[in-house]
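Read through the structure below, which is laid out as structure tokens, and then see the notes.
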Amino acid sequence: MAMILFTTSCTPPASPPAAGGGSGTATPPAAPASASAAAPAAATATAAEKVTVAERADLDPRYQWRTADLYADDAAWQAAHAALKARFPEASLFVGKLGEAAVLEQALDTLFGISQQLQKLSSYANRVADQDTRVAARAALKGEIQATASEFGRQVAYVEPELLLLPAATFDGLIQDPRLARYRHYLEDVARKRPHTLSGPEEELLAQAELLGRAPENVYDILTGSDLKFGKMTDSAGREVDIGIPMYMRYRASADRSDREKIFDGFWMVYKDYQNTFATLLSSQLNADVFRSKARKYENSLQASLDSENIPSVVYTTMIEAVNQHLPLLHRYLALRKKLLGLDQLYYHDLYPSLLPAVELRYGYDEAVQEIAAAVAPLGPEYVQQLTAGMAPGSGWIDVYPSKGKRTGAYMSGEAYDVHPFVLLNYDGSYDDMSTLAHEMGHALHSHLTNTTQPFQYANYSTFIAEIASTFNEALLSRHVLGKTTDRQQRLYLLGETLESYRTVVFRQSMFAEFELLAHQLVEAGGSPTAEDFNRIYRSLLNKYYGHDQGVTVIQDRDQVEWAFIPHFYYNYYVYAYVTGFISANALAARVLEQGAPAVQAYLGMLRGGSSKYPLELLQGAGVDMTTVQPYQVALQQFAQALDEVERLTATP
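Numbering (the working numbering), first residue to last: -19 to 633.
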């Protein structure tokens, strides 16, 4: 679960980009012409389409986050850093004494207190580094705090193993001791791990083996990031294009089908040439996952992975079952895609171009704040007030506009427990930018509510529920904008965005999750998978999900090697959380809109819960049980309704 003792996040706590999605980053755009007066005037496009981005000093400081809320300046940070490091010897005072309640209470108070300050130091180092990545001294702060956090982690590594080596009766007595009541859930979670915790020397050996276990992913990153050599293609405009991941991402969405075919042929040919190497890497990763699960006495690798957050395996298998039940909906959508693109036959390379002509919806930042506030009104005036205050110019929460050297993309950091969250944007005024603001502010309010409700030891929240608040806000925003949009083309654009979100998050990620499960099961059955094995498994899933045998989508031999491209297959059952988070958020949004106040209070109670309970329990308390298919039925009904309307709006007269 998310309640991990004595760790600090030295990078923004964002999950990896959704598997098979975009590049994960975005080039800082120019400010829109429709942006508010606070937008950077220097960000303009010339007739030659060159974009200039403002220096940070030229931007209105009200639209920048306020790092002084953490530390006044770098000197103050250095002083606090030195003072905290001077406290590290305190960690050794409790070695061998944790069986006494009074000592354990003092140890946990001390060590959680140090961890809290480490996270605050980490937040400052990351924020000042990301606001201008060109400043080497600021990057050095990140390196310093990473080293400090690692040092502290080593010094406190004895705590949980020592507790688990206590006689069971002694540990149970500590859990029930009134002096340790505020740590009871943490201690219960430590005790839960007892059947899967080894002796001290064995644990040390497993820790050393983790370096070997990460080797396949590290080699994969180097191979795909720098060593793969792609050829060239000539696009439909006569331009010579260097094939590679960036151009694949661009040209697979091209409106010209010949470009899509060329980029697919050239890109996947290289992965096919290296498929045996990729198969060896992935097989090695699967073996490492299975080794860890066996070493810790789990039934299988799925149970071992999900047990970190106390998630039962039925959540994973129910997800696959429920999504498979709804594949006819996906096939309907694919048939609609074929029709709207004017194709005689839909191929796998036809899945990414826009279904409809682009519609430009522009929102200045201040306008976006108003729209989002109106969209989340169903959550009640207190939530709206807190959200609006966080987005307001001068709040210090948000770094809104792009500037030279600023980190690209968007994220939220809530790691500074006693300070407000920090949100990074590169706002350009598109509907997607407004949706991103709603998304990141969902994260921010989640962190704000848990930080102001829970003690530090329970203020973090699980990966399993981390994306719910953000996706929930996006769902409300989409409903709000659609609810007041009567223009046919605008409605089609917004509905098309919804349909694609379901396709890429729910169906595509579920297919990846099913591949992971089948691949692990092959190893657990004693197999040694080859490229042919992975191709066979992946091809069968492509055929099933995209309706090859029903004539919905033609899957070619070229397509089956896509498994070699997905980095998330090295993350040990990670992608399922994209699906469960998306489904949970949409099911909760529907519940709030239908039931009103009781559902709102239950939902906000989950957000305030942090890690004071297990994530599945928190979600069940909000009204969604992911061990059943019911949330999928509710959420996918939204997909069906959007599909119904697009079919109606595009029906031939």
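Note that CB positions come from ideal geometry on N, CA and C, so glycine has one too. Computed from a predicted model, the values in this text were never measured in an experiment.
- When Asp89, Ser450, Leu474, Gln255 are compared, the shortest CA-CA separation from Val626 is found for Leu474.
- In this structure, the CA atom of Glu477 is about 26 Å from the CA atom of Val580.
- Distance from the Cα of Ser415 is smallest, within the candidate group Ala582, Glu454, Val356, Phe444, for Glu454.
- CA-to-CA, the gap between Leu121 and Val108 works out to about 9 Å.
- Ser238 is positioned such that its CB atom lies closer than 7 Å to that of Ser216.
- Going by DSSP, Tyr391 is part of the beta strand (DSSP E) stretching over 391 to 393.
- Within the segment 82 to 151, the complete alpha helix (DSSP H) segments of 4 residues or longer fall at 116 to 135, 139 to 145, listed in chain order.
- Under the DSSP definition of a beta bridge, Leu522 lacks any partner.
- Remark: C-beta atoms of Ser281 and His500 approach each other more closely than 7 Å.
- Under the three-state reduction of DSSP, Arg46 is assigned to coil, being neither helix nor strand.
- Ranking Asn198, Tyr200, Met299, Glu142 by CA distance to the CA of Ser179 puts Glu142 first.
- In the structure shown, the three-state DSSP call for Thr416 is helix.
- In the structure shown, the three-state DSSP call for Met491 is helix.
- In the DSSP assignment, Leu404 forms a beta bridge with Asp379, Tyr391.
- In the same chain as Pro578, and ignoring 5 residues on each side of it, no C-beta atom comes closer than 6 Å to its own.
- Runs of the alpha helix (DSSP H) lying entirely within the segment 157 to 191, each at least 4 residues long, are 164 to 172 in chain order.
- Shortest Cα-Cα distance from Gln99 to any of Leu425, Thr607, Ala396 involves Ala396.
- Apart from sequence neighbours up to five positions away, the residues of its chain that approach Pro358 with a beta-carbon distance below 8 Å are Leu456, Val572, Leu573, Gly576, Val580, ordered along the chain.
- Close CB contacts of Leu321 within its chain, under the 8 Å cut and outside five residues either way in sequence, are with Asp330, Pro333, Leu335 (chain order).
- Nearest in C-alpha terms to Leu596, of all of Thr560, Pro158, Arg488, Thr90, is Thr560.
- Counting C-beta atoms within 10 angstroms of its own C-beta, Glu289 has 16 or more neighbours from the protein chains shown and is therefore classed as buried.
- Within the segment 557 to 599, the complete alpha helix (DSSP H) segments of 4 residues or longer fall at 577 to 588, listed in chain order.
- Taken through DSSP and simplified to helix, strand or coil, Arg342 comes out as strand.
- Under the DSSP definition of a beta bridge, Ser410 partners with Arg342.
- Cβ contact annotation for Pro435 (same chain, cutoff 7 Å, sequence separation greater than five): Arg162, in chain order.
- Under DSSP, Glu220 shares a beta bridge with Thr214.
- By the neighbour-count definition (other C-beta atoms within 10 Å, threshold 16), Ser508 is an exposed residue.
- CA-to-CA, the gap between Asp605 and Ser293 works out to about 14 Å.
- Gly385: not part of any alpha helix (DSSP H); DSSP gives it neither H nor E.
- Ala355 is positioned such that its CB atom lies no closer than 7 Å to that of Leu417.
- DSSP places Tyr327 in the strand class (E or B) of the three-state scheme.
- Val33 sits in coil when the DSSP states are folded into three classes, being neither helix nor strand.
- DSSP, read as helix, strand or coil, puts Val626 in helix.
- Gln255 counts as buried, since at least 16 other C-beta atoms from the protein chains shown sit within 10 angstroms of its C-beta.
- Shown here for Leu146: same chain residues with a beta carbon closer than 6 Å to its own, the five before and five after excluded, namely Gly79 in chain order.
- Burial state of Ser130 is exposed, judged by a 10 Å Cβ sphere holding fewer than 16 other Cβ atoms.
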